[in-house]
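When we follow my numbering, the leftmost residue of the sequence shown carries the number 188, and every step to the right adds one.
Even glycine gets a Cβ: it sits at the ideal position worked out from N, Cα and C.
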Amino acid sequence: MATSRTTSQQISSPYYDPTRADSSSVDPRYVMKGIDFSLPLKERVIEYQKNFLEDPNFDGFDAYALRNNVRCISVTPTRTEWELDILPHLCNKGGKLHGGAAATIMDNLTTTALVAGARPGFMDVGHVSRNINMTYLRPVLEGATVRVVCELVSGGRTLVNMRGEIIMDGKVCVTCLHDKVFLRPPPESSKL
């Protein structure tokens, strides 16, 4: 079965720069969608999150979990802060934030720290979670408005590490360590 590789002449992406030495290795299928590097930093992160939450072609549970209940408070190149309303659809039968919902929230919002740290040619390709380590310290109550703080700890060509906290009434309730791996084209087969 023959496969075709995209050449630099075929790439038409706002994030592809053919003058960059390493751009020829970037296949547009692997470019992270939704990052507009022309926007100021906070607006870039808000626009990325908005594109995810309001995508008419995607209505997954992660988009549903954060639709209409999250607000961006601040953004720096390594940190994002959010305000989040803990609505009933995020809670277990006991009226507390469900552990799976907390993991979904942290998966999505820690990714915004990655977006804040990205720049053209660096951390701007697609990615998937490799590991999410959640620690639940105290319950988060239904109806609460919490602060979610997300930080980019380390990022490189292949992996990125982020951490996050859900804070209610000034107390840390949930912590998260989140690793992602960047999606890159498969290497050319070796002919040894």
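Alpha carbon of residue i to alpha carbon of residue j, nearest angstrom
| i | j | result |
| --- | --- | --- |
| Pro372 | Leu346 | 15 angstroms |
| Val232 | Ser225 | 12 angstroms |
| Leu284 | Met310 | 31 angstroms |
| Ala252 | Asn238 | 15 angstroms |
| Phe248 | Gly308 | 30 angstroms |
| Cys259 | Gly304 | 16 angstroms |
| Ile354 | Asn244 | 32 angstroms |
| His314 | Asp223 | 17 angstroms |
| Glu230 | Met349 | 20 angstroms |
| Gly173 | Ser341 | The question about residue 173 has no answer, for the chain in this structure spans 188 to 379. |
| Leu274 | Arg254 | 11 angstroms |
Burial state of residue i (16 or more Cβ within 10 Å)
| i | result |
| --- | --- |
| Thr322 | exposed |
| Thr299 | buried |
| His365 | buried |
| Val333 | buried |
| Glu375 | exposed |
Cβ-Cβ distance between residue i and residue j below 9 angstroms
| i | j | result |
| --- | --- | --- |
| Gly268 | Val361 | Residue 268 is actually Glu in this sequence, not Gly. Cβ atoms of Glu268 and Val361: not closer than 9 angstroms. |
| Lys358 | Arg325 | yes |
| Asp294 | Ala331 | no |
| Leu328 | Gly282 | yes |
| Val257 | Glu241 | no |
| Pro227 | Leu339 | no |
Integer Cβ distance of residue i from residue j, believed to fall under 8 angstroms
| i | j | result |
| --- | --- | --- |
| Ala290 | Ile319 | 6 angstroms |
Distance cut-off 8 angstroms: residue i Cβ against heavy atoms of the ligand ADP
| i | result |
| --- | --- |
| Tyr235 | Summarising the ligand content, the structure contains no ligands, and the ligand ADP is consequently not present. |
Beta-ladder partner(s) of residue i, from DSSP
| i | result |
| --- | --- |
| Glu338 | Arg266 and Arg350 |
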